[in-house]
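Reviewing the structure listed below.
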Amino acid sequence: MIRSRRAVAALAALAVTVLALTGCAATVSLTPAAHANDPACAAIMVRLPGDLGGQSRRWTDAQATAAWGTPSRVIFSCGVTPPGPSTIKCVSLGGVDWLVDQSEQPRFRITSYGRTPAVQLYLDSSNKAVDPNAVLAQVGRLVAAQTRQTAACTDPATPGE
3 MIRSRRAVAA LAALAVTVLA LTGCAATVSL TPAAHANDPA CAAIMVRLPG DLGGQSRRWT
63 DAQATAAWGT PSRVIFSCGV TPPGPSTIKC VSLGGVDWLV DQSEQPRFRI TSYGRTPAVQ
123 LYLDSSNKAV DPNAVLAQVG RLVAAQTRQT AACTDPATPG E
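Just so you know, the sequence shown maps onto residues 3 to 163 in our numbering.
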């Protein structure tokens, strides 16, 4: 009886330790965007893929956010404040115009332009396995299907207006 109690206690302690380690290692701590409670964000979130750019999805602790890769190579946030006209490079992929902030290469901050709600991705392209164009095309198709277009870049691959 004593031996079985010890075995059960040891197994329980091991299970708690494993759960604690896996839970801490897998969760990415993020801050929700100002408009994360937009219903279109919920529609986008339930459709996000488990694999993006060759990276596996991880848990996040903030509403309308997602992350892929260990360490995180792609971070997604829905409900960011829609950007206005900009001199930042604009590209069109997946049916969405994207403003691409290249100021911190090889990390890019990419924000949907002319879409409500706006979404933002942080892409770490230091890992050559992550193809930013493929990620934007895949996410773009999803965002285009779930958001309303309110403006467009005057000429993709040039600054947004």
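Every residue, glycine too, gets a C-beta built ideally from N, C-alpha and C.
Own chain, CB closer than 8 Å to residue i, minus 5 neighbours either side, in chain order
{"i": "Ala36", "result": "Gly81, Val82, Thr83"}
Nearest neighbour of residue i, chosen from the options [CA to CA]
{"i": "Ala66", "options": "Thr72, Leu54, Ala139, Ala45", "result": "Ala45"}
{"i": "Glu106", "options": "Gly97, Leu125, Ala120", "result": "Leu125"}
{"i": "Asp40", "options": "Ala120, Val137, Thr156", "result": "Ala120"}
{"i": "Ile112", "options": "Arg59, Ala146, Ile90, Val48", "result": "Ile90"}
{"i": "Thr156", "options": "Thr118, Leu101, Ala139, Arg143", "result": "Leu101"}
{"i": "Cys92", "options": "Pro108, Val76, Tyr115", "result": "Tyr115"}
{"i": "Val145", "options": "Thr33, Ala28, Leu50, Thr29", "result": "Leu50"}
{"i": "Ser79", "options": "Pro34, Thr118, Ser88", "result": "Pro34"}
{"i": "Gly86", "options": "Pro73, Thr118, Arg59", "result": "Thr118"}
{"i": "Ala136", "options": "Gln104, Ser58, Leu54, Arg75", "result": "Leu54"}
Neighbour-count burial assignment, residue i, 16 or more Cβ in a 10 Å radius
{"i": "Pro134", "result": "buried"}
{"i": "Val132", "result": "buried"}
{"i": "Ser128", "result": "exposed"}
{"i": "Ala68", "result": "buried"}
{"i": "Gly25", "result": "Bear in mind that the predicted position of Gly25 carries a pLDDT of just 44, short of 50, making it unreliable; the figure below should be weighed with that in mind. Under this definition Gly25 is an exposed residue."}
{"i": "Ser31", "result": "exposed"}
{"i": "Val48", "result": "exposed"}
{"i": "Thr152", "result": "exposed"}
{"i": "Ala147", "result": "exposed"}
{"i": "Thr29", "result": "exposed"}
{"i": "Gln122", "result": "buried"}
Beta-ladder partner(s) of residue i, from DSSP
{"i": "Gln107", "result": "Note: Gln107 sits in no beta bridge, so no partner."}
{"i": "Thr113", "result": "Leu101, Gln122"}
{"i": "Ala77", "result": "The sequence given here has Ile at residue 77, not Ala. Per DSSP, Ala69, Tyr124."}
{"i": "Gln151", "result": "Arg117"}
{"i": "Cys92", "result": "Leu101"}
{"i": "Val30", "result": "Thr62"}
{"i": "Leu50", "result": "BP columns for Leu50 are empty, so no partner."}
{"i": "Val82", "result": "Ala120"}
Contacting residues, own chain, Cβ-Cβ under 7 Å from residue i (five flanking each side not counted)
{"i": "Leu23", "result": "Confidence is the limiting factor: at Leu23 the pLDDT is only 38, short of 50, which leaves the residue's position unreliable, though a coordinate-based value still follows. There are no such residues."}
{"i": "Gly56", "result": "Ala131, Val132"}
{"i": "Thr149", "result": "Ala42, Arg117, Thr118, Pro119"}
Presumed contact (8 Å Cβ cut-off) between residue i and residue j, rounded CB distance
{"i": "Gly97", "j": "Val141", "result": "Their Cβ separation, rounded to whole angstroms, is 11 Å, which puts Gly97 and Val141 out of contact at 8 Å."}
Close Cβ partners of residue i (< 6 Å) along its chain, the five nearest in sequence each way excluded
{"i": "Arg60", "result": "Ala28, Val30, Ala69"}
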